[in-house]
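What follows is one structure encoded as structure tokens, with my remarks underneath.
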Amino acid sequence: MGLGITLALGLILALSACAPRPQPPVASPAGLDADPITASVEDDSFAYSTAKATLRVGLKNITRRYIKPIEMAQVAVGGMRGLATIDPGLIVTLSGDARAVHLVMGGTALQRFTVPSDNDASSWARLATEVIRTARAHSHDLNAAGDERIFEAMFDGMMSDLDIFSRYAGADEARANRARRDGFGGIGVRFTKAEDGILITHVTKNGPAKGAGIKPGDVIVRIDDENIRKLPQRAVAKLLRGPVGSHVGIAVTRLASAEEANERRIDFNVQRSHIVPETVRARIEDGVLVLRITSFNKSTAIGVQEALSTVENRLTNGSIRGVVMDLRGNPGGLLSQSVSVADMFVEEGRIIATRGRHQDSFHDYRAGSGDLTRGLPLVVLIDGDSASAAEIVASALQDLGRAVVIGSASYGKGTVQTVVRLPNDGEMTLTWSRLVSPSGYALHKLGVMPTVCATNARREHGGRGQAESKADTILAPLHIDGQQGAMAAWRAAGMVFDGRRAKLRQACPARAFKPKSGRDLLMTLAGRVIDSPTLYQSAIVQTAAISTAARH
Numbered sequence: 005m006g007l008g009i010t011l012a013l014g015l016i017l018a019l020s021a022c023a024p025r026p027q028p029p030v031a032s033p034a035g036l037d038a039d040p041i042t043a044s045v046e047d048d049s050f051a052y053s054t055a056k057a058t059l060r061v062g063l064k065n066i067t068r069r070y071i072k073p074i075e076m077a078q079v080a081v082g083g084m085r086g087l088a089t090i091d092p093g094l095i096v097t098l099s100g101d102a103r104a105v106h107l108v109m110g111g112t113a114l115q116r117f118t119v120p121s122d123n124d125a126s127s128w129a130r131l132a133t134e135v136i137r138t139a140r141a142h143s144h145d146l147n148a149a150g151d152e153r154i155f156e157a158m159f160d161g162m163m164s165d166l167d168i169f170s171r172y173a174g175a176d177e178a179r180a181n182r183a184r185r186d187g188f189g190g191i192g193v194r195f196t197k198a199e200d201g202i203l204i205t206h207v208t209k210n211g212p213a214k215g216a217g218i219k220p221g222d223v224i225v226r227i228d229d230e231n232i233r234k235l236p237q238r239a240v241a242k243l244l245r246g247p248v249g250s251h252v253g254i255a256v257t258r259l260a261s262a263e264e265a266n267e268r269r270i271d272f273n274v275q276r277s278h279i280v281p282e283t284v285r286a287r288i289e290d291g292v293l294v295l296r297i298t299s300f301n302k303s304t305a306i307g308v309q310e311a312l313s314t315v316e317n318r319l320t321n322g323s324i325r326g327v328v329m330d331l332r333g334n335p336g337g338l339l340s341q342s343v344s345v346a347d348m349f350v351e352e353g354r355i356i357a358t359r360g361r362h363q364d365s366f367h368d369y370r371a372g373s374g375d376l377t378r379g380l381p382l383v384v385l386i387d388g389d390s391a392s393a394a395e396i397v398a399s400a401l402q403d404l405g406r407a408v409v410i411g412s413a414s415y416g417k418g419t420v421q422t423v424v425r426l427p428n429d430g431e432m433t434l435t436w437s438r439l440v441s442p443s444g445y446a447l448h449k450l451g452v453m454p455t456v457c458a459t460n461a462r463r464e465h466g467g468r469g470q471a472e473s474k475a476d477t478i479l480a481p482l483h484i485d486g487q488q489g490a491m492a493a494w495r496a497a498g499m500v501f502d503g504r505r506a507k508l509r510q511a512c513p514a515r516a517f518k519p520k521s522g523r524d525l526l527m528t529l530a531g532r533v534i535d536s537p538t539l540y541q542s543a544i545v546q547t548a549a550i551s552t553a554a555r556h
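Residues are numbered in our numbering as their position in the sequence shown, beginning at 1, plus a constant of 4.
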């Protein structure tokens, strides 16, 4: 069984199981000690075989891979107790000697189950499945609940003592998660709700919609035989998606010309293809290449590489004088993609390390591709919503002396998740390691301290003059000592997890700096730093010296 790593997401452990029709309640091989009392609810077609296989995979992976040790009995009993979220009258208890599980309903004892003698996931899964079977035989609410509702209750209970980033997703949600990570069958458009239909706001380059002739500004009024004017956006997205290679009929209205108000209807027959959402947008602003990265999916590194290749001549002939990587609001994504993106801007060094409990969670990721921008000034923008993979990139480029980081303290989501695909087609996300920056501090609950802190600016200013004035105030201290004290203390936190981390974040409190069109405050700061070689070099040298000292 293969293992993949994600930060909020990742590759998948593929497993499968069949779902035969259930049999009447029988004694569990795990140890059913007494005959069950007569059932008051007729059993139906709950997928017991799938449940047993799904719970086995869940128990095995939680106890082996979760970042902290946890007993299988604690996880399994927690899952059984989760059934009370469906029927509060159900009570599951573990005997004082931890040798038996008791199932009670409304004060009446239903069954006593002998617990397995070891931490065998299969035995615990059989026991949990028999608890579900017995409970369904006596609970109208549980018997009426669908398979997925019971899986959700069980896994929520099993994972109740884990961290907030470890969670269960049912089959529908898991499929949506996989589509965001790996792509889906679609036509390649972004859209928003409009009064008379669905307004196309973006058409993916090289996608089926663009090839068919669909344009931004078109309004979708019908998909196949469905009038979609009153449908919510989620329902529209579901209609547009489908198997790769299948066709979908799309009717749009389009203005005849920019000068005329007359609309004409155009019908398209579009063949769906594999769509991976675009996460990289590039533009050149006042001689600066701005790379806006919204998340890290399987196409992000390719997107950055293509953006740099497109302007390769301008990067070398001096017409582009610097690069801004905008990671504001970026929630993260795939670990491998963040490493690849950082690798495009550095010559050598460790980009990130992961450390956990499982032996497979120990990795050192090092640079090896070389700097594709040939040392051009680089600024990274972060804010309180920059998390996970975004923090990997920011911390690596800062610690390796490659970029000046501007903004506020980042989110502080410094753990790595592995995603386990379950036999019921759901998935379980488990935290299994921590991220350690090149200078040796763990990112979790700390995040990245910017070289230039803009938190004290109470709001972003749209006017260029106001933004320039505010930038002067913020940048002035860098000529003296910048953030040296705070940044040194930040790195001294190392792998210690105590109250110190929350206090350190107060030096530059996390704040959302939403990207804006034109020169917002952070973009103004970035431009000023790029345009001042002395200022840029001073910030780089200060940060690199602190990071080097921390490593030694």
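Beta carbons are placed, not taken as given, at the ideal position from N, Cα and C, and that holds for glycine.
6 Å CB neighbourhood of S414 in its chain, flanking five on each side removed:
I386, S390, E395, G451, V452
Counting pairs of beta carbons, one from the stretch 242-256 and one from the stretch 270-281, are three or more of them closer than 8 Å?
yes
Within 10 angstroms of the Cβ of H144, are there 16 or more other Cβ atoms? Answer buried if so, exposed if not.
H144 counts as exposed, since fewer than 16 other C-beta atoms from the protein chains shown sit within 10 angstroms of its C-beta.
Tell me which residues share the same chain as R233 and place their Cβ nearer than 7 Å to its Cβ, disregarding the 5 neighbours each side in the sequence.
D200, G201, V225
Take every Cβ of the stretch 541-556, pair it with every Cβ of the stretch 360-376, and state whether three or more of those distances are shorter than 8 Å.
no
Considering Cα atoms alone, identify which of A149, S277, L382 is closest to P212.
S277
Drop a sphere of 10 angstroms on the beta-carbon of I355, count the other beta-carbons inside from all chains shown, and report buried for 16 or more, exposed for fewer.
buried
8 Å contact criterion, which L447 and V420 should meet: CB distance rounded:
Contact flag wrong, Cβ pair sits at about 10 Å.
Can you grab the Cα-Cα spacing for the pair R185 / V424, in whole Å?
Cα-Cα distance, rounded: 14 Å.
In whole angstroms, give me the CA-to-CA distance for T298 and I204.
19 Å
Mapping DSSP to helix, strand and coil, what is K209?
K209: coil per DSSP, three-state reduction.
CA-CA distance, T283 and A514?
23 Å
Are the CB atoms of D330 and R378 within a distance shorter than 8 Å?
The beta carbons of R378 and D330 sit no closer together than 8 Å.
Which partner residues of E431 appear in the DSSP bridge assignment?
A173, R425
Whole-Å CB distance - L558 paired with E230, under 8 Å assumed:
In the structure as shown, the chain begins at 5 and stops at 556. Residue 558 is therefore absent and cannot be evaluated.
Kindly indicate which residue of A239, K56, A497, M84 has the alpha-carbon position closest to the one of I227.
A239
Exposed or buried, which one is T528 when buried takes at least 16 other CB atoms within 10 Å?
buried
Count the other C-beta atoms from every protein chain shown that fall within 10 angstroms of the C-beta of G249, then say buried if there are 16 or more, exposed otherwise.
exposed
If you count every other CB in all the chains shown that lies within 10 Å of the CB of D501, and 16 or more means buried, which is it?
Looking at the sequence itself, residue 501 is Phe, so the reference to Asp does not match. F501 is exposed by the Cβ-count criterion.
Member of I136, D524, K209, S441 whose CA lies at the smallest distance from the CA of I90
I136
Nearest to D347 by CA position, among T538, T314, N321, S399, is which residue?
S399
At the level of alpha carbons, what is the spacing between R140 and D151?
Each residue's Cα considered, the two are about 11 Å apart.
Do V328 and V280 come within 8 Å of each other at the CB atom, strictly closer than that value?
no
Whole-angstrom distance between A492 and G246, CA atom to CA atom:
52 Å
DSSP on M499, reduced to helix/strand/coil?
coil
Ranges of the beta strand (DSSP E) found wholly within the stretch 301-333, counting only runs of at least 3
You should have 326-330.
Grouping DSSP H, G and I as helix and E and B as strand, with all else coil, what is I288?
strand
Own chain, CB closer than 6 Å to L376, minus 5 neighbours either side, in chain order:
So the qualifying residues of the chain are L312, M348.
Based on Cα-Cα distance, which residue from A180, A173, D222 lies nearest to R194?
D222
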